[in-house]
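Written out below as C-alpha cells is the structure these notes cover.
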Amino acid sequence: MSDQPVIVSPSSTERAEGKYCKDSLRRAIEGLNRDGVIYLDNIVDPEHVEKLRLAMLDEAKILKAKKGNNVSQYNQGVATNFIQSPPLTNQSLFYENIYANHFVHQVVSYYLGPSPSWSFITGNNANKQTTDRQDVHKGSSFIHPLAPSIIIANFPLCEFSPENGSTEMWLGSHATTDPDDQMWPAQYPKSQAPLCFIRPELVEERRKVRPPIQIACKPGGVLLRDQRIWHAGMTNASNEDRIMLAMMFMAAWFPNDRKFKLPYFAKEILESKPLAVNVQAKYVSEAECEESLHQWGSGIQPSDPNYQSLWEVAQLKNNLEV
24 MSDQPVIVSP SSTERAEGKY CKDSLRRAIE GLNRDGVIYL DNIVDPEHVE
74 KLRLAMLDEA KILKAKKGNN VSQYNQGVAT NFIQSPPLTN QSLFYENIYA
124 NHFVHQVVSY YLGPSPSWSF ITGNNANKQT TDRQDVHKGS SFIHPLAPSI
174 IIANFPLCEF SPENGSTEMW LGSHATTDPD DQMWPAQYPK SQAPLCFIRP
224 ELVEERRKVR PPIQIACKPG GVLLRDQRIW HAGMTNASNE DRIMLAMMFM
274 AAWFPNDRKF KLPYFAKEIL ESKPLAVNVQ AKYVSEAECE ESLHQWGSGI
324 QPSDPNYQSL WEVAQLKNNL EV
C-alpha cells in the first residue's frame with residue numbers, strides 16, 4: 024500500500040471548465056475512502072496565496088506577542104502552533120478561488136453527499152524554530168459518526184515539508200476508528216464526551232500496521248482530510264512560521280445548525296455563482312466579524328442534545344482512564 028496520499032491535478036480542460044471529470048472524481052473519492060486524505064494540486068492562484076500569507080505573517084507577530092509563554096493560549100496546550108483566522112474583513116484578500124473553490128466543493132459534495140455545509144473557517148500557524156509536537160489526536164472531542172460526516176480543507180500558504188512542520192497524518196486510520204479509540208475523562212459519567220487524543224497503546228499498535236507520514240504540499244494546492252483521521256501538529260525547525268487555512272464542511276445530515284460570521288461583502292462574492300455547498304454563515308458588519316476572529320469555540324460540536332445516544336456510551340466503560 025502506498026504511504027502517500029492520492030494527488031489529483033486538473034487537466035487544462037478541467038481548469039477551463041472549473042470542475043473535475045468523472046475519472047478525477049473517482050480517484051479523489053477512492054483516495055479519501057482508503058487513506059482519509061487527498062491532495063488537490065494546482066487549484067488556487069499562488070499569487071493570491073502569497074498575498075494572504077504575508078498579511079497573516081504580519082498579524083501573527085501581534086498575536087504571539089499577546090500570547091507570550093502561556094501554553095493555554097496555544098493549540099492543544101503545546102506552544103508549537105496556534106489558531107489564527109484569515110483576514111476575513113479585508114475585501115481585497117477575499118479571493119473567490121480560495122473561499123469559493125469549485126474543485127474543493129465538488130469533491131466534498133461527492134464524498135459527504137449532496138448539499139454539504141461550509142460551517143466553519145479558521146487557520147493554523149506552526150511557530151518557527153519550535154521543538155514540541157502535539158499528541159496524536161482526532162479533530163473531534165465528541166462522539167463522531169462512523170461514516171464520512173466532516174471534511175477539513177487545508178490551504179497551505181507556503182511550502183509544507185517535514186522541516187517546517189507539515190502535519191503528521193496517519194493514513195487510513197479514519198476507516199476503522201471510533202470513539203472508543205479516544206481518551207475519556209476520568210470523571211465519567213459526569214462527562215459524556217471523549218477527549219480528542221488517541222489512546223497511546225492504540226497509537227503504537229497502528230504504527231506497526233501503517234506508520235505516519237508528513238505530506239509535502241505547496242501553495243496553490245489543497246489538502247482534504249476526513250475529520251476522523253489521526254493526526255498531530257509537528258515541530259517547525261525553519262526560520263519562518265508555517266501558516267495554513269482550514270475550512271470545515273459538514274454532511275447535510277450532521278446535526279449542526281450553528282453559523283460562523285462573515286462580513287456583508289462576502290455574501291455578494293459567494294452568491295455570484297451557484298455553489299455545490301451551503302454557506303452556513305451569518306453575514307454581519309466588518310466590526311462584528313472582526314470581533315469573532317481567532318475564537319475557537321464549540322462550532323463543530325453537534326447541536327442536537329440527543330446526539331450522544333447515537334453511540335452506546337456504556338460499551339466504553341472499560342476505557343475511561345486518562
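Counting with our numbering, you get residues 24 to 345 for the letters of the sequence shown.
Ideal placement from N, C-alpha and C gives every residue a C-beta, glycine not left out.
Predicted, not measured: the structure shown is a model, and the values here were computed from it.
Short Cβ contact (8 Å threshold) for residue i with residue j
i	j	result
Met267	Gly146	yes
Met79	Pro33	no
Thr112	Pro286	yes
Leu169	Asp201	yes
Gly244	Tyr62	yes
His167	Arg251	yes
Tyr133	Pro171	no
Phe220	His160	yes
Ser164	Met273	no
Pro137	Ala289	no
Asn279	Gln152	no
Phe143	Phe277	no
Ser184	Ala239	yes
Glu191	His254	yes
Val60	Arg248	yes
Asn259	Asn120	no
Distance between residue j and residue i (C-alpha atoms, nearest Å)
i	j	result
Arg230	Leu293	42 Å
Ser196	Val300	26 Å
Gln129	Arg38	13 Å
Lys87	Arg76	16 Å
Gly10	Met257	For the chain, the structure presents residues 24 to 345; residue 10 sits outside this window and is missing.
Ala198	Val67	29 Å
Ile175	Glu313	23 Å
Gln114	Pro223	44 Å
Leu346	Phe178	Past the edges of the chain, shown from 24 to 345, lies residue 346, and the structure says nothing about it.
Pro69	Asn148	19 Å
Ala83	Asp264	9 Å
Trp334	Lys296	Reliability fails at Trp334, whose pLDDT of 41 lies under 50, so the model's placement of it is uncertain and no value is given.
Tyr97	Val232	Any answer about Tyr97 is weak, because its pLDDT of 49 lies below 50 and its placement is not dependable; what the coordinates show is given next. Approximately 31 Å, taken between the alpha carbons.
Ser95	Ile106	For Ser95, the pLDDT reaches just 44, beneath the cut-off of 50, and the residue's location in the model is therefore unreliable, although a value from the coordinates is still provided. Computed Cα separation, rounded: 12 Å.
Leu116	Leu316	15 Å
Val127	Asp155	32 Å
Glu40	Asp158	42 Å
Val226	Met206	12 Å
Pro28	Gly54	7 Å
Val131	Ile173	9 Å
Tyr43	Met271	21 Å
Tyr306	Glu228	46 Å
Glu309	Lys74	20 Å
Ile30	Lys45	15 Å
Ile52	Asn104	30 Å
Residue interval of the alpha helix (DSSP H) (run including residue i)
i	result
Gly54	45–58
Lys290	287–293
Val31	No alpha helix (DSSP H) holds Val31; the beta strand (DSSP E) holding it covers 29–31.
Phe220	Unbroken run through Phe220: none, as it is neither H nor E.
Phe126	125–135
Ser35	35–40
Member of the options whose CA lies at the smallest distance from the CA of residue i
i	options	result
Ile85	Pro185, Leu247, Tyr122, Ser108	Ser108
Leu218	Pro208, Leu225, Val226, Ser138	Pro208
Asp26	Pro235, Leu247, Phe272	Pro235
Arg281	Gln303, Asp64, Glu263	Gln303
Trp193	Arg57, Lys42, Ser35, Ile30	Arg57
Cys181	Ala255, Ser308, Leu246, Val226	Leu246
Gln237	Glu227, Glu186, Asn120	Glu186
Tyr298	Glu191, Leu116, Thr190, Tyr122	For clarity, residue 298 is Leu in the given sequence; the question names Tyr instead. Leu298 has its Cα closest to that of Tyr122, out of Glu191, Leu116, Thr190, Tyr122.
Ser35	Asn104, Asp64, Asp81, Glu309	Asp64
Boundaries (first-last residue) of the beta strand (DSSP E) holding residue i
i	result
Pro223	Note, Pro223: premise wrong, no beta strand (DSSP E); alpha helix (DSSP H) at 223–232.
Tyr306	304–307
Thr145	140–149
Ile266	265–273
Leu116	Here Leu116 belongs to no beta strand (DSSP E), and DSSP marks it neither H nor E.
Arg248	245–249
Ala255	253–255
Asn104	104–106
> Enumerated in chain order, which unbroken segments of the beta strand (DSSP E) with a length of 3 residues or greater are wholly contained in the region 159–216?
Replying inline: The beta strand (DSSP E) runs of length 3 or more contained entirely in the region 159–216 are, from start to end of the chain, 173–179, 191–193.
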